[in-house]
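Q: To start, I am sharing the structure in question, which I have written as structure tokens.
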Amino acid sequence: VTGLISPTKTIGGPIEMIKQTAQSADEGLVAVISMMIFLNVSLGVFNLLPIPVLDGGHLTLFTLEKLKGSPLSLRFQQGVTQLGMALLLALMVFAIGNDLYRHLM
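Residue 42 in my numbering is what sits at position 39 of the sequence shown, and the numbering runs on without skipping anything.
See the structure below:
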């Protein structure tokens with residue numbers, strides 16, 4: 004948000020995860036277990052973001068329904084779900100593109 008961290012340097016996909024895991028494997032079993040813990044916690048936190056396709060998005064929609072007092076329209080739910088899916092796909096393409104760029108350059 005503040006621009007202190009560059010997304011192109013910090014966001015990685017499956018290739019970067021394999022590379023980091025291999026580096027931690029050279030440091031021993033404790034480093035590999037620490038890496039696995041870090042990945043699991045990161046994925047858990049990411050899953051709670053209020054993006055409609057993720058669990059946090061479902062919680063947000065349930066909260067909106069509760070506040071509204073009636074079910075949200077199917078059209079609205081489909082729209083926000085499609086938007087959330089588009090955001091996730093864009094993030095995946097960006098992460099894999101970063102991986103390929105780093106690997107090939």
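Think of the CB as a built atom: it goes at the ideal place given N, C-alpha and C, for glycine as much as any other residue.
Starting from proline 10 and walking both ways along the alpha helix (DSSP H), at which residues does that stretch end?
A: Residues 10 to 13.
Q: My parser needs the alpha helix (DSSP H) runs of 4 or more residues fully inside the segment 17 to 55; what are they?
A: DSSP runs (the alpha helix (DSSP H)) wholly in the segment 17 to 55: 17 to 29 and 32 to 50.
Q: Is the separation between the beta-carbon of isoleucine 21 and that of asparagine 101 shorter than 8 Å?
A: Taking 8 Å as the Cβ cut-off, isoleucine 21 and asparagine 101 do not qualify as a contacting pair.
Q: Using the Cα positions of lysine 69 and leucine 46, report the straight-line distance between them to the nearest angstrom.
A: Answer to the nearest angstrom: the Cα atoms are 27 Å apart.
Q: Would you mind giving the Cβ-Cβ distance between leucine 64 and leucine 75, rounded to the nearest angstrom? I have them listed as a contact below 8 Å.
A: Rounded, the Cβ-Cβ distance is 6 Å, consistent with contact.
Q: Taking the alpha carbon of leucine 57 as the point to measure from, which residue in Leu92, Ala28, Glu30 and Ile99 has its own alpha carbon closest?
A: Residue Leu92 is the option with its Cα nearest to leucine 57.
Q: Helix, strand or coil for glycine 60 per DSSP?
A: The answer is helix: DSSP assigns glycine 60 an H, G or I state.
Q: Quick check on DSSP: helix, strand or coil for glycine 87?
A: Looking at glycine 87 - three-state DSSP - the assignment turns out to be helix.
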